[in-house]
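See structure below.
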Amino acid sequence: MSYPAGSRAEFSLILHSIQRTLDFNGRARRSELLYYQIAVALLGIVIGFGSMTIMSLQQRVLLLSLMQIVTAIPLFALFARRLHDQDRSGWWALPLPVIIAFNMTDNYHRWADDGQIPSLPLPLTIIRSLAIIAMLVFTFWPGTQGPNRFGKDPRPA
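One gets the working numbering by counting positions in the sequence shown from 1 and adding 299 to each.
As structure tokens, this is what we get:
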């Protein structure tokens with residue numbers, strides 16, 4: 300099966316992200332991060348729906364939590380490279396583990412309480428919301444034109 304030119308390029312960006320799982324050096328385009336997130340979301344939907352008939356709630360939550368941990372590692376490196384594209388330090392990616400930790404807490408409560416999710420205390424809800432907003436802003440903020448201290452411009456010339 301051959302992909303149209305656009306699909307081939309998008310798929311290669313996803314593969315590029317996976318190949319650079321632990322690479323925190325260099326720069327990443329907005330599209331590279333977005334395509335990776337879309338691929339992870341689609342994988343989660345497929346695994347979630349596929350496991351509904353053959354697994355209990357606890358097993359599904361465990362499987363999806365494991366998937367979230369496995370896919371978070373490349374996401375963290377990719378997000379740091381995305382920040383490098385904006386000429387920011389990769390340390391600005393630290394809100395990402397906060398978001399993931401809160402999501403893991405929600406998953407644990409689903410497993411432990413058989414689907415009943417208690418609400419987080421207000422300060423934690425505010426921190427989680429601010430971390431999500433910061434991640435979204437940094438994701439869509441345009442990168443610097445031309446080379447910067449983290450490398451050459453990842454966009455085609």
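Using N, Cα and C, we set each Cβ at its ideal position, and we do this for glycine too.
Predicted model only: the values in this text are computed from it and were never measured.
Throw me the rounded Cβ distance for the residue i and residue j pair, which I believe falls under 8 Å.
{"i": "R319", "j": "H383", "result": "Wrong, their Cβ atoms sit about 12 Å apart, outside the cutoff."}
{"i": "P394", "j": "A433", "result": "5 Å"}
{"i": "G349", "j": "M366", "result": "12 Å between Cβ atoms; not a contact."}
Alpha helix (DSSP H) containing residue i: first to last residue?
{"i": "S355", "result": "Where S355 is concerned, there is no enclosing alpha helix (DSSP H), given that its DSSP letter is neither H nor E."}
{"i": "A327", "result": "Unbroken run through A327: none, as it is neither H nor E."}
{"i": "T438", "result": "421-439"}
For residue i, is the classification buried or exposed, using 16 other Cβ atoms within 10 angstroms of its Cβ as the cut-off for buried?
{"i": "P453", "result": "buried"}
{"i": "R359", "result": "buried"}
{"i": "R448", "result": "exposed"}
{"i": "L312", "result": "buried"}
{"i": "Y428", "result": "The question names Tyr, but residue 428 is Ser in the sequence shown. Per the 10 Å Cβ criterion, exposed."}
Whose C-beta lies closer than 8 Å to the C-beta of residue i among residues of the same chain, with five residues either side of it excluded?
{"i": "W440", "result": "Q385"}
{"i": "T247", "result": "Look at the range of the chain in this structure, 300 to 456, and you will see that residue 247 is not part of it."}
{"i": "L423", "result": "F401"}
In chain order, what residues of the same chain lie with their CB nearer than 6 Å to the CB of residue i, ignoring the 5 residues before and after it?
{"i": "G442", "result": "D384, Q385"}
Suppose the cutoff is 7 Å on Cβ atoms and the five residues either side in sequence are ignored; what does the same chain contact list for residue i look like?
{"i": "A371", "result": "I399"}
{"i": "G389", "result": "F323, A379, L382, H383"}
Taking C-beta to C-beta, are residue i and residue j nearer than 8 Å?
{"i": "L374", "j": "Y334", "result": "no"}
{"i": "L332", "j": "R387", "result": "no"}
{"i": "L361", "j": "G347", "result": "no"}
{"i": "I426", "j": "V397", "result": "yes"}
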